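K.L.:
The structure follows.
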Amino acid sequence: MRMRKKKYLDERLDAVKSYILDTDREERDFEKSVQIKEYFNFEEIFGNCNPVQLEIGCGKGQFVCEMAKRCPNVNFIAVEKERNVIVAAVEKIEKAGLTNVRFISGCAEYLPRFIPEHSIERIYLNFSCPYPKEKYRKHRLTHRFFLSIYKGLLTEEGDIHQKTDNMHFFEFSLQELSAEGFRLENVSLDLHNSSFEGNIITEYEKRFSDLGQPIYRLEAKVNK
222 MRMRKKKYLD ERLDAVKSYI LDTDREERDF EKSVQIKEYF NFEEIFGNCN
272 PVQLEIGCGK GQFVCEMAKR CPNVNFIAVE KERNVIVAAV EKIEKAGLTN
322 VRFISGCAEY LPRFIPEHSI ERIYLNFSCP YPKEKYRKHR LTHRFFLSIY
372 KGLLTEEGDI HQKTDNMHFF EFSLQELSAE GFRLENVSLD LHNSSFEGNI
422 ITEYEKRFSD LGQPIYRLEA KVNK
């Protein structure tokens with residue numbers, strides 16, 4: 222079901238457009254689109270040479286907002302395909318006065334057109350849609366199609382951090398990452414009852430944790 226457009230959405234997005242990177246193109250065939258390279262210059266965008274991290278599927282921005290506060294010497298790119306949702310995230314960053322976050326309104330498969338190769342230190346996948354039906358498995362953000370994209374974006378020492386409340390999606394992610402040659406580290410089958418420190422709990426995460434559902438987490442490093 223398509224989400225209804227929020228009232229004054231265009232006006233709200235226009236008011237925070239300085240935080241949103243321009244990726245609006247007429248070309249909708251991603252295979253053709255990614256053959257064109259319009260790389261962002263992160264040094265110009267952020268005014269520094271700090272490392273860049275990427276969150277794909279940032280939702281309303283709670284995670285990236287807290288990360289940007291904790292890590293002022295890291296730059297963050299937050300990606301969200303739903304305009305109705307990204308507007309809340311951008312407004313949150315603007316209200317917090319954070320200068321180390323920018324947004325992309327769009328889908329992950331188009332990222333190679335705009336993000337330079339091997340320029341991303343870390344990719345966060347927080348509570349991505351699990352697409353439980355088998356026929357939609359290729360839409361999962363840890364499907365090998367997307368993992369091949371991430372490999373091209375990540376630095377030599379780069380890694381992926383994933384969290385989910387869905388056990389089957391987590392198992393799928395473990396299998397796909399292993400098959401694509403990623404080295405798995407710090408795998409947790411119950412994050413909130415583990416020794417892991419520094420976790421940022423999002424509203425979505427808290428809701429499912431409060432229901433007694435375990436939170437699954439992993440780190441996956443690019444193998445040299």
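Per my numbering: the sequence shown = residues 222 to 445.
Here a beta-carbon is modelled for each residue, glycine too, at the ideal position from N, C-alpha and C.
Quick caveat: nothing in here was measured; it's all calculated off a predicted structure.
Give the straight-line distance between the Cα atoms of Gly-318 and Leu-275, rounded to the nearest whole angstrom.
P.N.:
Straight-line Cα distance between these residues: approximately 19 angstroms.
K.L.:
Report yes if the C-beta distance between Ile-436 and Lys-384 is below 8 angstroms; otherwise report no.
P.N.:
Yes. Within cutoff.
K.L.:
Could I get the ranges of all uninterrupted alpha helix (DSSP H) runs contained in the region 227 to 283, with 4 residues as the minimum, in chain order?
P.N.:
The region 227 to 283 contains these whole alpha helix (DSSP H) runs: 230 to 236, 251 to 254, 263 to 267.
K.L.:
Along the chain, which unbroken stretches of the beta strand (DSSP E) at least 3 residues long are found entirely within the region 306 to 334?
P.N.:
Within the region 306 to 334, the complete beta strand (DSSP E) runs of at least 3 residues are 322 to 326.
K.L.:
On the DSSP bridge list, what partners appear for Ala-289?
P.N.:
The partner list for Ala-289 (beta bridge, DSSP) is empty, contrary to what the question assumes.
K.L.:
Checking the sheet assignment: what are the DSSP bridge partners for Ala-299?
P.N.:
For Ala-299, which the question treats as bridged, DSSP gives the partners Glu-276, Phe-324.
K.L.:
Can the beta-carbon of Leu-405 be found less than 8 angstroms from the beta-carbon of Arg-438?
P.N.:
In this structure, Arg-438 does not lie closer than 8 angstroms to Leu-405 by Cβ.
K.L.:
To the nearest angstrom, how far is the alpha carbon of Phe-173 from that of Tyr-260?
P.N.:
It is not possible to answer for residue 173, since the shown part of the chain is limited to 222 through 445.
K.L.:
Do you know offhand how far Asn-444's Cα is from Arg-249's?
P.N.:
Their Cα atoms are separated by approximately 32 angstroms.
K.L.:
Evaluate contact between the region 294 to 302 and the region 321 to 330, counting only Cβ atoms and requiring at least three cross-stretch pairs below 8 angstroms.
P.N.:
The region 294 to 302 is in contact with the region 321 to 330.
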